[in-house]
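Q: Before I ask anything, here is the structure I am working with.
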Amino acid sequence: MDLKLDPSRDDLPLMANTSHMLVRHYVLDLDVDFESHIIEGTIVLFFEDGKQVKKQTSSTKETCQLESSEARKLRTPEPCHIPVTNVRTLSSKMGYNDFAICDKGEKDTSDKDGNHDNPEQASGLCNSQYCCDTGDHGREGFLLVLDCCDLSVSKVEEVDVAAVPGIEEFTRSPKLSVISEELRNEVVGELVTLPADRWREQLDYYARCSQAPGCGELFFDTDTWSLQIRKTGALTASEFPHAIRIWYKTKPEGRSVAWTSDQSGRPCVYTVGSPINNRALFPCQEPPVAMSTWQATVRAAASFVVLMSGENSAKPAQLREGCSSWHYYVTMPMPASTFTIAVGCWTEIKSETDLVTERPFPSPEANFRCAGVCGHTEYPCRFQDASATAQEVIPHRVFAPVCLRDVCQETLVPLIPPCLSAAHSVLGTHPFSRLDILIVPANFPSLGMARPSKEKTGQVSDSGASVVKHGLNPEKIFMQVHYLKGYFLLRFLAKRLGNETYFSFLRKFVHMFHGQLILSQDFLQMLLESTPEEKRLELSVENIFQDWLESSGMPKPLRSERQAESECGLARQVSAEVTKWIRVNRRPRKRRRRQENEVFEKLLPDQLVLLLEHLLEQKTLNPQTLQSLQKTYHLQEQDAEVRHRWCELVVKHRHRRAYGHVERFLQEDQAMGVYLYGELMVSEDARQQQLARRCFELARAQMDGPSAEVVAQMLF
Numbered sequence: 002m003d004l005k006l007d008p009s010r011d012d013l014p015l016m017a018n019t020s021h022m023l024v025r026h027y028v029l030d031l032d033v034d035f036e037s038h039i040i041e042g043t044i045v046l047f048f049e050d051g052k053q054v055k056k057q058t059s060s061t062k063e064t065c066q067l068e069s070s071e072a073r074k075l076r077t078p079e080p081c082h083i084p085v086t087n088v089r090t091l092s093s094k095m096g097y098n099d100f101a102i103c104d105k106g107e108k109d110t111s112d113k114d115g116n117h118d119n120p121e122q123a124s125g126l127c128n129s130q131y132c133c134d135t136g137d138h139g140r141e142g143f144l145l146v147l148d149c150c151d152l153s154v155s156k157v158e159e160v161d162v163a164a165v166p167g168i169e170e171f172t173r174s175p176k177l178s179v180i181s182e183e184l185r186n187e188v189v190g191e192l193v194t195l196p197a198d199r200w201r202e203q204l205d206y207y208a209r210c211s212q213a214p215g216c217g218e219l220f221f222d223t224d225t226w227s228l229q230i231r232k233t234g235a236l237t238a239s240e241f242p243h244a245i246r247i248w249y250k251t252k253p254e255g256r257s258v259a260w261t262s263d264q265s266g267r268p269c270v271y272t273v274g275s276p277i278n279n280r281a282l283f284p285c286q287e288p289p290v291a292m293s294t295w296q297a298t299v300r301a302a303a304s305f306v307v308l309m310s311g312e313n314s315a316k317p318a319q320l321r322e323g324c325s326s327w328h329y330y331v332t333m334p335m336p337a338s339t340f341t342i343a344v345g346c347w348t349e350i351k352s353e354t355d356l357v358t359e360r361p362f363p364s365p366e367a368n369f370r371c372a373g374v375c376g377h378t379e380y381p382c383r384f385q386d387a388s389a390t391a392q393e394v395i396p397h398r399v400f401a402p403v404c405l406r407d408v409c410q411e412t413l414v415p416l417i418p419p420c421l422s423a424a425h426s427v428l429g430t431h432p433f434s435r436l437d438i439l440i441v442p443a444n445f446p447s448l449g450m451a452r453p454s455k456e457k458t459g460q461v462s463d464s465g466a467s468v469v470k471h472g473l474n475p476e477k478i479f480m481q482v483h484y485l486k487g488y489f490l491l492r493f494l495a496k497r498l499g500n501e502t503y504f505s506f507l508r509k510f511v512h513m514f515h516g517q518l519i520l521s522q523d524f525l526q527m528l529l530e531s532t533p534e535e536k537r538l539e540l541s542v543e544n545i546f547q548d549w550l551e552s553s554g555m556p557k558p559l560r561s562e563r564q565a566e567s568e569c570g571l572a573r574q575v576s577a578e579v580t581k582w583i584r585v586n587r588r589p590r591k592r593r594r595r596q597e598n599e600v601f602e603k604l605l606p607d608q609l610v611l612l613l614e615h616l617l618e619q620k621t622l623n624p625q626t627l628q629s630l631q632k633t634y635h636l637q638e639q640d641a642e643v644r645h646r647w648c649e650l651v652v653k654h655r656h657r658r659a660y661g662h663v664e665r666f667l668q669e670d671q672a673m674g675v676y677l678y679g680e681l682m683v684s685e686d687a688r689q690q691q692l693a694r695r696c697f698e699l700a701r702a703q704m705d706g707p708s709a710e711v712v713a714q715m716l717f
């Protein structure tokens, strides 16, 4: 694989050798420093080697094949109880300060790629017992490769899990008289395969093992995209340590972490999620097949709130004056790219009526096993808990900057329960026990994470390494055509098959494949197999791909439906309003001021979008018409989709009185604003181009890298 990639255009490499070793659990212990814009601490990784993984995946495949051969009949799982209560908050005093952390006053000798200038430190070794020339030692045998970018790694060591009190129950030996690599790996092997009903005990032992002392530093090296780790004498994956601790810190310019300010001007930081996912937040295995669980303890100043993807509603624990600790955990295995963290001065928006509380789960002694019912690897699955299955609205919290508290209280909070209830009515059991919602900062860049390509993606090498086609092209995240086509494809299928058939299938699909990785062609194949022949009407996976994914422009099935869609009552109402505005625009100036002749109907936000899109097709709209349009619908107060169309009208017709609305949009909706920069520059109007450059200079410092790069190419 060629590692000399153009970071602005080429494929994104996934370097981790997941075929040899697979991370089953991460334990992160981190400090967030807003002064230096650095997150630092340790991460402990617990592995299974390839032999163990293949045994489990083969049994899972057999289960899926069995269900397929039985025509994938939907089965009602036997109810069982899941003990899900908060794991005890780990004390930061226990273990964290016992490790040999380099003094913060020491000089950082790392170069920009995380490699050390000192040749003795190039292997990651500082103990005199292990210091040696890495050119002669540690280069043979098994090499563990992790996805890693923009991180400074200072040390990698094996964790002595056998030193944890009470760990004997995970070995065949009643007493740990002789400690060996094989014994430690045996302990980890037993720990990562504990049954789901022992999830609480498993999390506790993960935490205790993560705080165990090190038992030997490991050779390591870093390049642009990976962290490579070796141990002398470990010739195979089964001989390599199955629990390792990595000491590291992020870099302020790291592409997985965004340091910025919220809408109230307070500092905050969050994970970006694209284009390189989390490899600049912690060393990990990025390929989606590497599904794992995690737990994390994060410390920050007491004025900050730490939010994270987790199954518990974490509360701050005060460590010392001015410093708090937050602990989250996840028991459902997921790809590392789904790990999210956001730290800021958020305020929690409480609902006026506490409709939902986080109720306690059944006792830990409940007999819970999901084997033989679900197709995923074993974990405490809510689909097997009768009370969870009937829970329409899960507990949820809403966080936002202080300046948005009132508007969230009035508009957002009341919408969440009916939305959750609607999702439950369509798809069934909520896969997670709770939900946190955060109003993200204005520079949040992601309009989506898919990167479509006609070339076959995901070609995996023997080691498990692969690439994401054109994943590093900054323009890809702003191409929305695949989302639009995806929406209309699902809508087309629902109409063709009938809502009852379609939504019944969706519920069955979610029930069958929850907790698993699935491809779009598998979804389509199962949909067609579940549909009676008379309703398929010659549909096939092949012609769907041809019409919807591999052909440019509007898909053929939609062309014949455009006329039918225009007959929709809501669309007809919009058409009537468009006619009124065109009539107003054509009137002589004196008569245009008398609006009594036209009575405009109140429109829904989606109708406003359609109205403005129709008006964008008009060659000219007079300033008075635009001003009346804005006042009639209060366009500057609508949602971003409406305001974006309004700004397009302002730019197209050079409506100077509303240029302030354009400037506000470019500052407050930076991801969508990228398109607007293009409109301003294409107009070739000097004043508009000056506006674009001025807004870009104001926002550039806080814009994410890919967005800033795309806009800069437009402007200069």
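Heads up, the sequence shown is in the working numbering, so the first residue is 2 and it goes up one at a time.
For every residue, glycine included, the Cβ atom is placed at its ideal position computed from N, Cα and C.
Computed from a prediction, not measured in an experiment: that's the story for all the values here.
From which residue to which residue does the beta strand (DSSP E) around D1 run?
A: The structure shown has nothing for residue 1, since the chain only spans 2 to 717.
Q: Within the same chain, show all residues whose beta-carbon is closer than 8 Å to that of F143, passing over the 5 residues directly before and after it, in chain order.
A: Around F143: H21, R231, K232, A235, L236, T237, A238, E240 and F241.
Q: Which residues in the same chain have their Cβ closer than 7 Å to the Cβ of T332, if we skip the five residues on either side of it in sequence?
A: W200, T294, E312, Y380 and P381
Q: DSSP three-state call for D705: helix, strand or coil?
A: Three-state DSSP puts D705 in coil, outside helix and strand.
Q: Going along the chain, which unbroken runs of the alpha helix (DSSP H) with 4 or more residues stay wholly within the segment 188-231?
A: Listed in chain order, the alpha helix (DSSP H) runs fully inside the segment 188-231 are 200-211, counting runs of at least 4 residues.
Q: May I ask you to report which of helix, strand or coil DSSP gives F47?
A: strand
Q: Could you tell me the alpha carbon to alpha carbon distance between D463 and T19, rounded to whole angstroms?
A: 9 Å
Q: Considering just the uninterrupted stretch of the beta strand (DSSP E) at L29, what are its terminal residues?
A: Element bounds for L29: M22 to D34.
Q: How is the alpha helix (DSSP H) around C420 delimited, first residue to last?
A: I417 to L428
Q: Taking contact to mean at least 3 C-beta pairs separated by less than 8 Å, is the segment 647-658 in contact with the segment 429-443?
A: no
Q: Return the bridge partner residues of Y271 from the DSSP annotation.
A: A259 and A343
Q: Quick check on C285: does DSSP put it in helix, strand or coil?
A: strand
Q: Assign G516 to one of two classes, buried (16 or more other C-beta atoms within 10 Å of its C-beta) or exposed (fewer than that).
A: buried
Q: Does D670 come out as helix, strand or coil in the three-state DSSP assignment?
A: coil
Q: Less than 9 Å between the C-beta atoms of D12 and K470, yes or no?
A: yes
Q: Going along the chain, which residues of its own chain have a beta-carbon closer than 6 Å to the beta-carbon of E183, five neighbours each way excluded?
A: The answer is none, since no qualifying residue turns up.
Q: Rounded to whole angstroms, how far is the Cβ of C337 from the Cβ of Q286, which I believe are closer than 8 Å?
A: Sequence check: residue 337 is Ala here, not Cys. 6 Å between Cβ atoms; contact.
Q: Compute the Euclidean distance between the alpha carbons of V307 and S422, then round it to the nearest angstrom.
A: Cα-Cα distance, rounded: 27 Å.
Q: Which of helix, strand or coil does DSSP assign to M555?
A: In this structure, DSSP gives M555 a state outside helix and strand, which the three-state scheme calls coil.
Q: Between which residues of its own chain and Q526 is the CB-CB distance below 6 Å, once the five residues before and five after are set aside?
A: V542
Q: Give me the Cα-Cα distance between S262 and A343, rounded to the nearest whole angstrom.
A: 12 Å
Q: Pick from E41, R185 and D30: whose alpha carbon is nearest that of R48?
A: According to the sequence as given, residue 48 is Phe; it is not Arg. Taking F48 as reference, the option from E41, R185 and D30 with the minimal CA-CA separation is R185.
Q: What does a CB cutoff of less than 6 Å around R25 pick up in its chain, not counting 5 residues either side in sequence?
A: When the five nearest sequence neighbours on each side are left out, the beta carbons in the same chain lying within less than 6 Å of the beta carbon of R25 are those of F47, E49, V193 and S293, in order along the chain.
Q: At what residues does the beta strand (DSSP E) containing C324 begin and finish?
A: In the DSSP assignment, C324 falls within the beta strand (DSSP E) that extends over C324 to P336.
Q: Under the rule that 16 or more other beta-carbon atoms within 10 Å means buried, what is P14, buried or exposed?
A: buried
Q: Which of the three DSSP states is assigned to Y249 in this structure?
A: strand
Q: Taking the continuous beta strand (DSSP E) assigned at V307, which residues delimit it?
A: V306 to M309
Q: Which residue's Cα is closest to the Cα of Y413: S37, Q714 and D437?
A: The identity of residue 413 in the sequence shown is Leu, whereas the question assumes Tyr. Checking every option, the nearest Cα to that of L413 belongs to D437.
Q: Please confirm if the segment 537-554 is in contact with the segment 483-496, defined as three or more CB-CB distances below 8 Å between the two stretches.
A: yes
Q: Is it the case that the Cβ atoms of L617 and K653 are separated by a distance below 9 Å?
A: yes
Q: Looking at the secondary structure, which residues open and close the alpha helix (DSSP H) in which D523 lies?
A: S521 to E530
Q: DSSP three-state call for Q639: helix, strand or coil?
A: coil
Q: Give the straight-line distance between the Cα atoms of Y207 and R267, rounded to the nearest whole angstrom.
A: Rounded to whole angstroms, Y207 to R267 spans 35 Å at the Cα level.
Q: Taking buried to mean at least 16 other C-beta atoms within 10 Å of its own C-beta, is E685 buried or exposed?
A: exposed
Q: The beta strand (DSSP E) spanning D607 covers which residue range?
A: Where D607 is concerned, there is no enclosing beta strand (DSSP E), although the alpha helix (DSSP H) it sits in stretches over P606 to L617.
Q: So what's H656 in DSSP terms, helix, strand or just coil?
A: coil
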